[in-house]
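According to the working numbering, the sequence shown is numbered sequentially starting from 180. We put the CB at the ideal spot given by N, CA and C, even for glycine.
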Amino acid sequence: MKKETNLNQTLNILFNRKSVRNYSKKEIKKKELDLILKAAIRAANSGNRQVYSIIVVDDKELLKKYFFGGNKALVFLVDFNRWFDLARHLGYEIEESVDGMRGFTISSMDAILAAQSAAIAAKSLGIGSLFTTKLHREDMNKVYEFLGLPEKYCFPYLSLCLGYPDEQSKLLKGRVKKGVIHYGKYQSLSQEELDEQIAEYDNEANHLGLINEQQRKEEGFDHYLSFYFANWSKSQPKQEIENFYNTLQRSELFKAKKFLNLN
180 MKKETNLNQT LNILFNRKSV RNYSKKEIKK KELDLILKAA IRAANSGNRQ
230 VYSIIVVDDK ELLKKYFFGG NKALVFLVDF NRWFDLARHL GYEIEESVDG
280 MRGFTISSMD AILAAQSAAI AAKSLGIGSL FTTKLHREDM NKVYEFLGLP
330 EKYCFPYLSL CLGYPDEQSK LLKGRVKKGV IHYGKYQSLS QEELDEQIAE
380 YDNEANHLGL INEQQRKEEG FDHYLSFYFA NWSKSQPKQE IENFYNTLQR
430 SELFKAKKFL NLN
């Protein structure tokens, strides 16, 4: 990635954000955590409803098992329970009026915006972060249990691990631009551009792959994306996938009546 110069403080933070997987034992102070949370809830949201929730995790065993050993973790939930409770408190029953698919999209959007704001705030304080959906690959019943989540109208959408980096590593992660950014209209990549992008992934200097060239060739693949599409993208066990969708179904966030507005 081309190094940018003469950046203001905000852009410098954004352009130097990176995922951190190794954390030191340095504690995140309450004041720092409060600032991160304050930044999170200041994020834009639909209709000023904030139909999401944030669980702060600081249990060391849970952090080690589910959150890469971070000092803290924030679990961002798609969550309509507070909103429905407010309505019932005022004598309204609004569950059946919520369009499931649209509601889930809005709530997940709110959660993502809050999570990204938290990550940027953490970076500004010198605290590293890692976004993860690891909870989706775990026993979701246990996840709901240790987080104390309501079964209905709530789903753990993504998590943000937080902690001071164990060491200062270089900013290596690459990004693809062509085919991601479109001006005016959507434009599919040409055959030549597809070949160019495959070569981008193959070039280790771009840091786009999950394995190096030697590992890829030992697996018998000429291209990194061939390895990815043949292996990595199909590696999730069937039981994990069923567990994920069964949990979503129990949440009733996608009930067909709400989803399709059927009688």
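Classify Asp258 as helix, strand or coil using the three-state DSSP reduction. Strand at Asp258.
Rounded distance between the beta-carbons of Ala252 and Val236, thought under 8 Å: Between Val236 and Ala252 a beta carbon distance of about 4 Å is seen, short of the 8 Å cut, so the two are scored as contacting.
Does the Cβ of Trp262 have 16 or more other Cβ atoms within 10 Å, making it buried, or fewer, making it exposed? The residue in question, Trp262, is buried, as its Cβ has 16 or more Cβ neighbours within 10 Å.
Roughly how many angstroms lie between the CA atoms of Ala378 and Asp401, to the nearest whole one? If you take the alpha carbons of Ala378 and Asp401, they lie about 10 Å apart.
Under the three-state reduction of DSSP, which class applies to Thr184: helix, strand or coil? In the structure shown, Thr184 adopts coil according to DSSP, grouped into three states.
What is the DSSP secondary structure of Phe325, counted as helix, strand or coil? DSSP places Phe325 in helix when its eight states are reduced to three.
Is the beta carbon of Val257 less than 8 Å from the beta carbon of Phe283? Going by beta carbons, Val257 and Phe283 fall inside the 8 Å limit.
What residues match up with Val235 in a beta bridge as DSSP calls it? Val235 is bridged to Leu253.
Measure the beta-carbon distance from Met319 to Asn422 and round it to whole angstroms, keeping in mind my assumption that it falls under 8 Å. That belief holds up - the Cβ atoms of Met319 and Asn422 are roughly 5 Å apart, short of 8 Å.
Less than 8 Å separating the beta-carbons of Phe406 and Ile390? Their beta carbons are under 8 Å apart, which means Phe406 touches Ile390 by this criterion.
Pick out whichever of Phe246, Val322, Asn187 has its Cα sitting closest to the Cα of Leu309. Nearest C-alpha to Leu309: Phe246.
Nearest-angstrom Cα separation, counted from Ile360 out to Tyr403: Straight-line measurement puts the Cα of Ile360 at about 22 Å from the Cα of Tyr403.
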